[in-house]
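Colleague: If you scroll down you'll find the structure; I have some questions about it.
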Amino acid sequence: MSEPVIIGEPDFLERNGTFLLTALGLMGGCMGSMMVYFLKSRCSEIKCCWGGISCIRQPLPVDMIEVSANPRVVRQDEAV
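So the sequence shown is numbered by this note's numbering: it starts at 30 and just counts up by one.
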């Protein structure tokens, strides 16, 4: 007689793969948004998580930044 085939339980990744992908995506999104905040901030010292994550940076002076509220759109026939 042949012995019955016993199917083992799925391993950790098979059972929790979707959760791990979701958790890693959320952590990556949070880290990415934090980095964007650090880059766009005008502060010289930024602290998050009770000082666990900190960034000391030298922002550009205001007079060096050129901001135009009404950018001029040049058509092909107006090109200089």
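Cβ coordinates follow ideal geometry from the N, Cα and C atoms, glycine included.
Computed from a predicted structure; not experimentally measured.
1) Is the separation between the beta-carbon of R86 and that of C77 shorter than 9 Å?
2) Considering S70, what are the terminal residues of the beta strand (DSSP E) in which it resides?
3) Comparing alpha-carbon positions, which option in E38, L50 and I82 lies nearest M64?
4) Could you spell out where the beta strand (DSSP E) holding S83 opens and where it closes?
Modeller: For this structure:
1) no
2) No beta strand (DSSP E) holds S70; DSSP gives it neither H nor E.
3) I82
4) I82 to I85
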